[in-house]
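There are 2 protein chains.
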Amino acid sequence: MGRKRTRPDNIRLTEVAELAGVSPITASRFFRNPEALSIGKRVRVESAAKELGYVPNLAARALASQRTEVIGVLIPSFTNNVFSDLLRGIYDAFESSRYSIQLANTRYSILEEEKLLRLFLAQKPAGLIVTGIDQTPESRIIMQSVDCPIVQIMEIGPDPVDMIIGFSHADAAQAAITHLLAQGYRRIGFLGARMDPRVQRRLAGYQAAMKAASLFDSRLMVTTPLPTSVTLGGTLFADLLAKAPDTDAVFCANDDLALGVLFECQRRHIAIPKQMAIVGFNDLEFMASAVPTLTSVRTNRYEMGRNAATMVIETIEGRRPEQPIVDLGFTVIERQSSVREP
Amino acid sequence: MGRKRTRPDNIRLTEVAELAGVSPITASRFFRNPEALSIGKRVRVESAAKELGYVPNLAARALASQRTEVIGVLIPSFTNNVFSDLLRGIYDAFESSRYSIQLANTRYSILEEEKLLRLFLAQKPAGLIVTGIDQTPESRIIMQSVDCPIVQIMEIGPDPVDMIIGFSHADAAQAAITHLLAQGYRRIGFLGARMDPRVQRRLAGYQAAMKAASLFDSRLMVTTPLPTSVTLGGTLFADLLAKAPDTDAVFCANDDLALGVLFECQRRHIAIPKQMAIVGFNDLEFMASAVPTLTSVRTNRYEMGRNAATMVIETIEGRRPEQPIVDLGFTVIERQSSVREP
DNA sequence: GCGGTTATTGACAGCGCTACCAAAACGTTG
DNA sequence: CAACGTTTTGGTAGCGCTGTCAATAACCGC
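In the order they appear, the protein sequences are chains F and V.
Position in the first sequence counted from 1, then plus 10, gives you the numbering used here.
Position in the second sequence counted from 1, then plus 10, gives you the numbering used here.
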C-alpha cells in the first residue's frame with residue numbers, strides 16, 4: 011500500500027509556497043509568468059525560493075504540462091569543424107534561456123535522422139533544429155505533424171518545413187568559380203569528399219558555372235564518398251592531376267581538402283597561384299595563415315547557429331519572426347592562392 | 011475541478027498492458043528488467059508495445075523513479091578539435107544505451123563549471139563526465155556528495171573524485187622534449203596558448219625536462235591567455251625568435267600552433283628540420299600530411315571519451331570497473347619536422 | 001453606493017510511471 | 001500430498017508539478 015520510500019530531501023514547490031504564505035499554484039505561476047502575480051506575492055515567493063534554494067523538478071513539470079523545455083538539435087557530424095562553430099552559436103543563444111539542448115548525431119544518414127526525429131518527438135520537445143533540407147518523406151511528415159517550431163539550418167530551400175536559415179551552396183560555389191574565371195583560370199577542377207547533399211549542391215554550382223563558360227569537362231571532377239581530411243585533399247588532387255594534367259585551378263568543397271592540396275603542391279613543387287590556384291570552402295581560421303594565404307568562401311556558421319536558436323526561442327514565446335526563410339549569404343575571400351599577379 | 015484538457019493521443023503503458031493482458035506494473039517491468047518476466051508475458055508485452063508503437067514517457071519515469079537517464083557532460087570548449095574527438099567517443103558509447111547526454115560548455119571557467127554542476131545535479135543525473143581535475147573546492151564537495159558515478163577525463167591525477175581517465179600531460183611534454191634532445195636540439199622553445207591547466211602541466215613537463223638537461227632558459231617560453239589558433243602560432247613563434255634568436259626547436263602545446271609555426275617558417279625561409287624543429291601536441295590528422303610532416307604527441311581522445319562513457323555505464327549497472335584510474339598514455343610520433351638527417 | 005469589468009488567487013484532479021509490499025503461481029522435496 | 005521455498009505477478013499510492021475553472025479582491029464609471 012503506497013510507498014514507504016524515504017522522501018527525498020529536495021525542496022518542493024509546496025515548501026516554497028508555504029514559506030511565502032501563498033498557495034502552491036501561485037508559487038508555480040511565479041516561475042512561469044511572474045507578471046501575473048501582484049508585486050507583494052512576487053517578492054515573497056522570490057525570496058522564499060532563494061532562501062530555500064529551490065530548484066524546480068523538471069520531470070514533474072514536463073509530466074504535468076505535457077511539454078518539455080528541451081530543444082532537439084540534429085547534426086550530421088561532430089568531427090567537422092563546420093558544426094563546432096554552429097554548435098557554439100546554438101549553445102550561446104540558449105545559454106541565457108531556460109531551454110536545454112538535446113544534441114544528436116545523424117552521421118550523415120537520413121534514416122538515422124528519421125529514427126532520432128521519432129525519438130525526439132516522443133519526448134515533446136519545445137523546438138527542433140535540424141540540418142539541411144534532405145529529410146526522408148517520412149521525416150517530413152513527422153516534422154509537419156508536430157506543433158513545435160522547427161528550424162532547418164545550413165542551407166536554404168524553397169519549401170521549409172517551418173523555418174529555415176542558411177545560404178545557397180550552389181550560388182557560393184558558382185561565385186568561387188566566377189572568381190577563378192575572372193582571374194583567368196580555365197581548367198578548374200573540383201574536389202569533393204563525403205558528397206553529402208550540401209557538397210552535391212556545391213558541385214552543381216561548379217558545374218553550372220563551368221557549363222555557362224563552356225569550360226565543363228567531367229575529367230575535372232574528382233569526388234569520393236570518404237569522409238574529408240587534409241590527407242584526402244592531397245590524394246584527390248593527385249587523382250585530378252592524373253586525369254587532367256593541364257588543370258590550372260582547384261575548387262575544393264571544403265578547407266581541409268584545400269590544405270591537403272596546398273601540401274601536395276608543395277611536395278610536387280607546383281607554384282601557387284602561378285601554376286595552380288586553390289580555393290577552399292568555409293574559410294576556416296587557418297586559411298588566412300597558410301603560405302600562400304588560401305582563398306575561401308566564407309560562411310557564417312556561428313551566426314547561423316545563433317540565429318536558428320533565436321528563431322526557435324522567439325517562436326516559442328509567441329514572437330514568430332516575420333520572415334521564415336533567412337539567407338545568411340557568403341563571401342568569397344580572395345587571397346594569394348587564387349589571385350594572379352598583374 | 012480537475013482537468014478537461016484533451017487527453018493526448020499517446021500510447022500509455024496501461025494500454026500496452028491491457029493489450030498484452032497483464033497488469034501495468036508487469037508491463038513496466040518488461041521495460042526495465044525483462045528477465046524478471048516469464049517468457050510468455052515477455053513476448054506478449056513486447057508485441058503489444060510494438061503493435062501500439064509505445065514510447066515510454068521519460069518525464070513520468072523520471073518523476074516516479076526519482077532519477078533520470080541523463081548523463082551530464084561538461085567540456086571547456088566546442089571549438090577545440092580535441093573535444094570533438096572526445097565527444098564522438100562519448101556519443102558513440104552512449105548511442106546503443108538508453109542514456110541520453112546533456113552537454114554543457116564551461117568556457118574554460120571553473121566558476122561556470124560549478125554553476126553548471128549545480129544545475130545538473132539538481133536534475134539527478136545518472137552519471138557525470140567532467141573535464142580535468144581543477145574544479146573549485148565547492149565543485150568537489152558537490153561532486154562528492156552526489157551518488158552517481160563521475161568520471162574525470164583528459165588527464166590523470168592522484169585524487170579523483172570518483173573515477174578518472176586520461177594521461178599525464180607533463181610526462182607527454184617531457185617525452186617530446188626528450189625526443190628533441192636526442193635529436194641534438196638544445197635551444198628548445200615552448201609555445202602555449204589559453205594556458206588552461208592541461209597546457210600548464212605541459213609547460214611544467216617542458217620545464218622539468220629542460221632543467222634536467224641544464225638547458226632551461228625562461229626566454230625560450232612564450233605563452234598567452236588568448237585562445238589558440240594557427241595564426242597565433244605564427245605570432246608566438248615570431249615573439250620567440252625575437253626573444254631568443256638562436257632557438258633551434260619549438261615544442262607547441264597543440265597542433266594548431268605547430269601548423270602556424272610551420273607557415274611562419276615558410277614565410278621566413280627557415281629550413282625544417284635543419285634550422286628549426288617543430289613538435290606539436292595531440293597529433294591531429296593534418297600533422298601527417300604537412301610538408302614536411304610534423305612530429306606530434308599522439309593522444310587517445312576518442313578512446314578516452316568512449317572509455318569514460320563505458321565506465322559510467324558499467325558503474326550504473328553495478329559492474330564498477332576494478333581500476334578507477336585509467337592511464338591511456340601517449341605516443342611521440344616522430345616525423346620529418348624534428349628528425350635530423352644523419 | 002451599485003453593477004460590471006478586470007486583476008489575482010486558489011481548489012482540484014491528474015499527467016504516466018514506478019517503489020513498495022503482498023499475494024499468487026509454480027516447483028521441489030520428504 | 002502437504003509443507004516449504006522460489007519465482008512471477010498485482011494493488012496501492014504517490015512522485016512534484018500545472019491546466020482548468022471558479023472564486024475572490026480590486027477597480028471603475030456613473
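Virtual Cβ for every residue (Gly too), placed ideally from N, Cα, C.
Where does Thr320 of chain V fall in DSSP's three states?
-> helix
Distance, Cα to Cα, Ile198 of chain F vs Thr245 of chain F?
-> 17 Å
Beta carbon of Ile100 of chain F nearer than 8 Å to that of Ala318 of chain F = yes
Applying a beta-carbon distance threshold of less than 8 Å, which residues of chain F neighbour Gly199 of chain V?
-> Within 8 Å Cβ-Cβ: nothing; Gly199 of chain V doesn't reach chain F, min ~19 Å.
CA-to-CA distance, Met231 of chain F to Asp102 of chain V, given in whole angstroms = Roughly 34 Å separates the two Cα atoms.
Residues of the segment 108-119 of chain V with Cβ closer than 9 Å to any Cβ of chain F, in chain order = Ser110, Ile111, Gln112, Leu113, Ala114 and Asn115
Let me know the alpha helix (DSSP H) ranges lying completely inside the segment 181-264 of chain V, each 4 residues or longer, listed in chain order.
-> 207-222 and 240-253
What is the DSSP secondary structure of Gln145 of chain V, reduced to helix, strand or coil?
-> Three-state DSSP puts Gln145 of chain V in coil, outside helix and strand.
With respect to the alpha helix (DSSP H) encompassing Gly99 of chain F, which residues constitute its N-terminal and C-terminal limits?
-> Asn91 to Glu105
Under a three-way DSSP split, which group does Ile343 of chain F fall into?
-> strand
Would DSSP call Leu294 of chain F helix, strand or coil?
-> Per DSSP, reduced to three states, the secondary structure at Leu294 of chain F is coil, with no helix or strand assignment.
Going by other Cβ atoms of all chains shown within 10 Å of its Cβ, with 16 needed for buried, is Ser38 of chain V buried or exposed?
-> buried
Other residues of its chain near Tyr216 of chain F: CB distance less than 7 Å, five sequence neighbours each side excluded | Ala183, Ile187, Phe200 and Phe261
8 Å Cβ cutoff, Ala70 of chain V in contact with chain F | True, the Cβ-Cβ gap to chain F drops below 8 Å.
Tell me the DSSP bridge mates of Asp337 of chain V?
-> BP columns for Asp337 of chain V point to V:Gly176.
For my contact list, Arg204 of chain F and Pro237 of chain F are in at a C-beta cut-off of 8 Å; report their separation, rounded to the angstrom.
-> 6 Å
Where Thr325 of chain V meets chain F, residues with beta-carbon distance less than 8 Å | Neighbours of Thr325 of chain V in chain F, taken as residues whose beta carbon is under 8 Å from its own, are absent, since the nearest beta carbon is some 21 Å off.
Under 6 Å Cβ to Cβ from Thr309 of chain F, same chain only, skipping five residues before and after it: list those, please.
-> Asn292 and Phe340
What in chain V is Cβ-close to Val358 of chain F, meaning under 8 Å?
-> Outside the modelled stretch of chain F, which goes from 11 to 352, sits residue 358 of chain F, for which no answer is possible.
Give the secondary structure of Ile350 of chain F by DSSP, where H, G and I count as helix, E and B as strand, and everything else as coil.
-> It should be noted that the sequence gives Arg, not Ile, for residue 350 of chain F. In the structure shown, Arg350 of chain F sits in coil (DSSP, three-state: anything other than H, G, I, E or B).
Which stretch, first to last residue, makes up the alpha helix (DSSP H) that contains Arg22 of chain F?
-> Element bounds for Arg22 of chain F: n/a, residue is neither H nor E.
Looking at the unbroken alpha helix (DSSP H) that takes in Leu129 of chain F, where does it start and where does it end?
-> Ile120 to Ala132
Find the nearest neighbour of Pro283 of chain V within the set V:Asp265, V:Pro302, V:Ala298 and V:Met297, judged by alpha-carbon distance.
-> V:Pro302
Cβ contact check for the segment 23-35 of chain F and the segment 56-70 of chain F: 3 or more pairs under 8 Å = yes
At a CB-CB cut-off below 7 Å, which residues of chain F make contact with Glu313 of chain V?
-> One finds nothing in chain F with a Cβ atom closer than 7 Å to the Cβ of Glu313 of chain V; even the nearest lies about 15 Å away.
So, are the CB atoms of Glu123 of chain F and Glu148 of chain F less than 8 Å apart?
-> no
Using 8 Å as the limit for Cβ to Cβ distance, is Arg98 of chain V near chain F?
-> Closer than 8 Å: yes.
Mind checking who Gly137 of chain V pairs with in its DSSP beta bridge?
-> V:Ile81
Amino acids of chain F, ordered along the chain, whose beta-carbon sits closer than 8 Å to that of Thr305 of chain V | Result: empty, since nearest Cβ-Cβ is about 16 Å, beyond 8 Å.
Ser94 of chain V touches chain F at which residues, Cβ-Cβ below 7 Å?
-> Phe88, Thr89 and Ser94
Taking C-beta pairs closer than 9 Å, name the residues in chain V that Thr364 of chain F reaches, listed in chain order.
-> With chain F covering only 11 through 352, there is no way to say anything about residue 364 of chain F.
What residues of chain V sit near Gln133 of chain F, judged by a beta carbon separation below 7 Å?
-> Leu68
CB-CB under 6 Å to Glu344 of chain V, same chain, minus the five flanking residues each way: which ones, in chain order?
-> Thr305
Any idea what DSSP makes of Arg308 of chain V, helix, strand or coil?
-> strand
How should Arg229 of chain V be labelled, buried or exposed, when 16 other C-beta atoms within 10 angstroms of its C-beta is the threshold for buried?
-> exposed
Boundaries (first-last residue) of the beta strand (DSSP E) holding Ala287 of chain F = Ala287 to Val289
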